[in-house]
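Participant:
Number of protein chains: 2
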Amino acid sequence: MRNLDEDNITRAVIAMHADAKDARVRTLMTSLVQHIHSFAREVELTEEEWFKGIRFLTEVGHITTDVRQEFILLSDTLGLSMLVTALNNKKPQGCTEATVFGPFHVEGSPLVPLGGDVANGAEGEPCFVRGSVIGTDGQPVPNAELQVWQADAAGKYDVQYARDGGDHEHRARGTLIADAQGNFHFKTIRAEAYPIPHDGPVGRMLEALGRHPWRPAHLHFLITAPGFDRLITHVFRNGDRYLDSDAVFGVRSSLIADWIEHPPGATPDGGTSDVPFYTLDFRFVLNPA
Amino acid sequence: MRNLDEDNITRAVIAMHADAKDARVRTLMTSLVQHIHSFAREVELTEEEWFKGIRFLTEVGHITTDVRQEFILLSDTLGLSMLVTALNNKKPQGCTEATVFGPFHVEGSPLVPLGGDVANGAEGEPCFVRGSVIGTDGQPVPNAELQVWQADAAGKYDVQYARDGGDHEHRARGTLIADAQGNFHFKTIRAEAYPIPHDGPVGRMLEALGRHPWRPAHLHFLITAPGFDRLITHVFRNGDRYLDSDAVFGVRSSLIADWIEHPPGATPDGGTSDVPFYTLDFRFVLNPA
Ligand SMILES: [Cu+2]
Ligand SMILES: [Fe+3]
Ligand SMILES: [Fe+3]
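The listed protein sequences derive, respectively, from chains P and H. Residues 0 to 288 (numbering that gives the first Met the number 0) make up the first sequence, in order. Residues 0 to 288 (numbering that gives the first Met the number 0) make up the second sequence, in order.
1) Could you work out which residues of chain H lie near P:A19, taking near to mean beta carbons separated by less than 9 Å?
2) Put H:G226 into one of helix, strand or coil per three-state DSSP.
3) Ligand 2 and P:R54: does the residue's C-beta get closer than 7 Å to at least one heavy atom of that ligand?
4) State the CB to CB distance for the pair P:D151 and P:E122, rounded to an integer number of angstroms; the pair is presumed to be in contact (CB under 8 Å).
5) Alpha carbon to alpha carbon, what distance is there between H:S253 and P:D21?
6) Between H:G78 and H:F248, how many whole angstroms is the CB-CB distance? I'm expecting something under 8 Å.
7) Report the neighbours of H:H61 on chain P: residues whose CB is nearer than 9 Å to its CB, in chain order.
8) Ends of the alpha helix (DSSP H) at P:W49?
9) Please work out which residues of its chain come closer than 7 Å, Cβ to Cβ, to H:V32, disregarding the five sequence neighbours upstream and downstream, and give them in chain order.
10) If you drop the 5 nearest sequence neighbours on each side, which residues of the same chain put their C-beta closer than 8 Å to that of P:E5?
11) Residues of chain P with CB under 8 Å from H:H16, in chain order?
12) Would you say H:G93 reaches chain P, if we count a Cβ-Cβ gap shorter than 8 Å as a contact?
13) With a floor of 4 residues, list each alpha helix (DSSP H) that falls wholly inside the segment 177-220 of chain P, ordered by position along the chain.
14) Candidates P:W213, P:P267, P:T278: which alpha carbon is nearest P:K155's?
15) Below 8 Å on the Cβ atoms is my guess for P:L289 versus P:A97; work out the distance and round it to an integer in Å.
16) Run through DSSP, which three-state label would P:D116 get?
17) Between the beta-carbon of P:K186 and the beta-carbon of P:A118, is there less than 8 Å?
18) Compute the minimum distance between the beta carbon of P:H211 and the heavy atoms of ligand 3, and state whether it is under 7 Å.
19) Can the beta-carbon of P:P263 be found less than 8 Å from the beta-carbon of P:F127?
20) Please list the residues of the segment 68-88 of chain H that have a C-beta atom closer than 8 Å to any C-beta atom in chain A, keeping them in chain order.
21) Would P:T95 pass as a contact of P:V284 if the rule is Cβ separation under 8 Å?
22) Can you list, in chain order, the residues of its chain whose CB lies under 7 Å from that of H:V99, leaving out five sequence neighbours each side?
23) Are the beta-carbon atoms of H:Y241 and H:P125 separated by less than 8 Å?
24) Is the beta carbon of H:F183 sitting closer than 8 Å to the one on H:G238?
25) Would H:L230 count as contacting chain P if we go by Cβ distances under 8 Å?
Below is the structure:
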């Protein structure tokens with residue numbers, strides 16, 4: 000293995016891991032090496048461009064913390080995340096479609112009772128969400144667990160207010176358990192369009208590509224129930240100006256719903272609102288495992 | 000741009016940067032997106048594997064400092080660095096071949112006078128290096144600048160002894176200026192085989208691939224002279240057991256030379272050595288710019 004040139008190096012690199020114990024690792028790395036090498040050959044990557052790439056990845060690594068995942072942003076904005084979501088979520092007709100996970104999920108968000116307030120102080124216009132979880136047979140899925148999370152009126156998630164990877168309060172995120180009939184409801188704030196964090200290397204990449212960093216307004220859901228496939232999805236707000244240019248390529252028509260505006264007055268929770276408020280209804284259809 | 004699936008997402012991502020100002024950026028990113036997506040499709044990348052990849056890159060980013068460049072190690076061990084070197088250093092027959100830069104170069108190494116001691120306290124067996132720099136026409140290249148760097152007897156570069164990205168003394172590295180006839184000579188220590196840093200994510204990757212982290216013994220050179228292409232290369236030590244399995248794929252037959260062993264006694268610098276010592280002679284042929 001000497002005197003490798005642009006034509007034979009790929010085979011040599013792959014031959015070096017011919018004895019890797021795990022066949023899947025071998026498959027993955029063989030394919031990865033082939034495609035990365037093909038890229039470099041196809042564009043005749045210069046040494047300066049290579050080094051810019053090294054510096055870019057270094058910056059992506061250095062800005063990444065527990066609460067800022069720039070590598071996920073990179074994967075999201077290059078469409079890789081949505082591609083992986085599509086590859087792994089081929090569901091029967093009628094199931095609710097999946098979309099990207101995004102970088103803002105947090106493990107262990109607080110349990111909120113049905114009817115409770117998920118916002119927990121997050122700024123925004125009041126919104127009452129109601130929905131149900133059913134199977135493809137139309138039967139209710141009892142007691143499904145729903146994790147919800149969203150940005151506030153300023154377009155930010157709670158974790159984006161955390162400094163230095165430190166603690167943050169859970170705001171506009173929570174975990175609910177649907178009732179025995181698969182129904183749930185909670186209070187929150189209206190979802191707003193937001194730009195993904197773009198003050199770092201991924202933001203500079205988008206700028207160089209002539210792309211904007213905006214995502215259409217959406218509410219994230221992660222729904223689990225015994226006997227059903229886990230569902231990671233959003234509900235998107237109808238009418239949003241970014242529905243056709245989502246920076247992370249996640250929009251699906253079947254996930255768009257109306258946030259209905261109501262004048263000040265009686266609210267679905269039996270109270271009253273001095274300001275206009277919104278309601279959202281959505282039915283999730285899970286795929287039997 | 001809604002309802003993207005595994006078949007049409009690649010075109011949608013590329014279409015988003017159709018208006019990027021810089022045509023080369025457009026070319027690079029179009030190709031990169033195509034090849035990364037092809038990889039994910041070809042292996043049907045699972046969501047768990049994707050997340051392992053995100054975590055791997057995050058670790059690569061977090062271990063990277065001013066003196067530890069894990070992204071370069073990653074590029075080197077996947078053969079990308081040598082591929083880029085090959086693509087960008089197609090030289091006329093007779094020129095000294097280039098090889099990988101590696102992650103251990105340091106800007107501004109100390110100027111060492113001809114005949115001086117580059118080792119500067121680094122542990123190792125004494126070695127006297129002598130050589131010349133000529134052009135493809137056989138004429139000497141006067142006053143070429145040569146940066147040299149190498150590992151010590153323990154297989155480590157000076158920067159690997161630095162802690163917390165802090166200062167380090169320059170050892171076994173220096174900058175020399177050849178004389179008007181293109182000749183140079185200096186004292187150093189014998190180059191030794193060494194494992195690339197493998198206590199981090201790249202080391203774990205090599206282990207999963209069933210690969211060793213060793214590089215055959217070599218001495219790095221970066222040679223510049225007005226009117227000639229910059230040459231980044233190594234001289235490899237003949238007889239090294241890793242010449243055919245270099246962890247970074249850099250070995251070229253034309254760069255292998257003998258480190259000749261001499262018994263204790265008179266040394267080329269007019270002194271004497273109580274221990275065996277080595278000599279290395281090498282002639283570099285630069286490509287006119
Ligand atoms: Cu490819
Ligand atoms: Fe989001
Ligand atoms: Fe080296």
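Idealized CB from N, CA, C, for every residue including glycine. Small disclaimer: the values here were computed from a predicted structure and weren't measured.
Facilitator: Taking the structure as given:
1) A207, L208, G209, R210
2) coil
3) no
4) 5 Å
5) 36 Å
6) 5 Å
7) G60, H61, T63
8) 46-62
9) T9, V12, I13
10) R40
11) L208, G209, R210
12) no
13) 200-207
14) P:W213
15) The requested residue 289 of chain P does not occur in the structure, where chain P is confined to residues 0 to 288.
16) strand
17) yes
18) no
19) no
20) Within the model displayed, chain A is absent; protein chains P and H are what it includes.
21) yes
22) D75, S80, M81, T84, V247, G249
23) no
24) no
25) no
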